[in-house]
Structures are given as C-alpha cells and as structure tokens.
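Single-structure report; data block below.
Take a look at the structure:
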C-alpha cells in the first residue's frame, strides 16, 4: 500500500456506498477503510480463491448489488486477481466502472527524468532468463521509454539483462513511490549496476529505461527529403 493520501475523494465515497468490498489483502484494505471511516463489509478475493469467489461476486452483481474491487497492485491491476473478475464481469454483461487511482507507472515516468512523450509499460518481465532476454530484444529499436516492475532481489539480474539486450542506456530505479522512503536512483545501466551491488535496494521498484535515441536529421537531409517528396507532384504555390 502506498501513501493513504493518494486516494481520491471519489474512491472514498464509492467505498462507503457499495454493498461489499472485494480485496486481495483484507489487512491492507481494513487499514485504508479505518483511516477514512469506511464501514463497508470487506471480503477476501485473491489468487488462491478467485475461481470459487468470482462466481459468488458475479451472482451478487447480477442481483443488483454493487461491489468495489480494491487492487493491491493499484492501477491497472497488474499481476492482480482483479483482472480475472473484471473479464468475467464483462463476459456476463455486467457494467464495469473504473475509478482512476494511484499508479506507480506514471509517477515513476515523471520522476525518472527520461522522455515522457512516448512510453511502453510491460509490468514484470519473465523470470526465466531465456524468455526475459527475448522480450527485451523486442524493445531494442523502440524510441519510447520502457517501464517495468521488479522486486529488489531480482533487480541486479534485470539490469544485467537490460545492458546485454539494449546497451548502456540511461535508466532510473524508482523505489517505494509515494511512501516515506521514496527514492530515485538515476544513471546509466552500468552505473546503477555498481550502485545496487554496493547498496542493495529494498521495497517495490519501478524501472524506467531510456528508449532508442532518435537519429538527428541534418538540414541537408531534410531539404533532400522535401525535394524528393515534391518530385512529380503538383505545385499549388502559384494558384
């Protein structure tokens, strides 16, 4: 759970108004509800009971009751059992109302200092090195900033794989976002590899990697391109 003050007024109101709250970790959600004086009943809904619990929640929804889903992972339910319930609800024709909330993806992108005009979010990469390396290879020629999630005990392996697949690009490790120990480590991949070996990070990490730098076009190339584009065309300048 991040900073409790990140929640919106709308989210607090909805949590108070719904019939039941489905939460992956009821301890975290109870803490949230206690802080904001929310007395709605909370039921557990997690990876180990989603197959049995989803039909129960769907039945409540189909009978006209309202259910609020609280995702421990935040927006947009990455590696979260909430995705299963959302897809089943849509298949059953039940309306879904997303309530925008805190997201480490955008917070990390802004704080990274890397280009924000285009980005690609990939969540967690595969743990097995072969599958992970193949996924990274797909990003080699992309100009967009790449955003990933990773755990502290696997961050060194991820940085090594990124250096091997993408070269020594700029990267930012964004840790414990919106929490008391929020931290940004910025530098090249090699610089941060040395850093994490000296100072192993703790807590949740969002990684932002620089995209493939765009090749700068010279004035001569632009003029030649413009001339080529106009060849055989109609000149409307005298019209």
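Residue numbers (the numbering used here): 76 to 314. By construction, the Cβ of each residue, glycine as well, lies at the ideal position given by its N, Cα and C atoms. Values in this document were obtained by computation on a predicted structure and should not be read as measured data.
Determine the contact status of residue i and residue j, defining contact as a CB-CB distance below 8 Å.
i: residue 90; j: residue 132; result: no
i: residue 281; j: residue 183; result: yes
i: residue 283; j: residue 189; result: yes
i: residue 103; j: residue 147; result: yes
i: residue 163; j: residue 129; result: yes
i: residue 141; j: residue 93; result: yes
i: residue 254; j: residue 77; result: yes
i: residue 215; j: residue 287; result: yes
i: residue 145; j: residue 82; result: no
i: residue 175; j: residue 191; result: no
i: residue 279; j: residue 246; result: no
i: residue 227; j: residue 173; result: no
i: residue 153; j: residue 114; result: no
i: residue 261; j: residue 187; result: yes
8 Å is my cut-off, CB to CB: does residue i come that close to chain C?
i: residue 154; result: The structure shown contains no chain C; it is built from a single protein chain.
So if DSSP puts residue i in a beta bridge, which residue, or which two residues, is it bridged to?
i: residue 259; result: 249
i: residue 220; result: 194
i: residue 225; result: 280
i: residue 199; result: 224
i: residue 95; result: 142
Comparing the CB of residue i with every heavy atom of the ligand MG, is any distance shorter than 7 Å?
i: residue 259; result: This structure lacks the ligand MG; in fact it carries no ligand of any kind.
Under 8 Å by Cβ, that's how I've got residue i and residue j pegged, so tell me the actual separation to the nearest angstrom.
i: residue 233; j: residue 200; result: 7 Å
i: residue 136; j: residue 169; result: 5 Å
i: residue 230; j: residue 271; result: 6 Å
i: residue 125; j: residue 117; result: At roughly 16 Å, the Cβ-Cβ gap does not stay under 8 Å, so residue 125 and residue 117 are not in contact.
Check your understanding: What beta strand (DSSP E) runs, 3 residues minimum, are completely inside the stretch 99-157?
Key -> 117-119, 142-145
Review point. Are the stretch 243-257 and the stretch 208-217 touching by the rule of at least three beta carbon pairs closer than 8 Å?
Key: no
**Study point:** Touching by the beta-carbon criterion (3+ pairs, under 8 Å), the stretch 235-247 and the stretch 171-180
**Key:** no
Point to revise | Cβ pair count under 8 Å reaching 3, the stretch 214-222 against the stretch 266-273 | key: no
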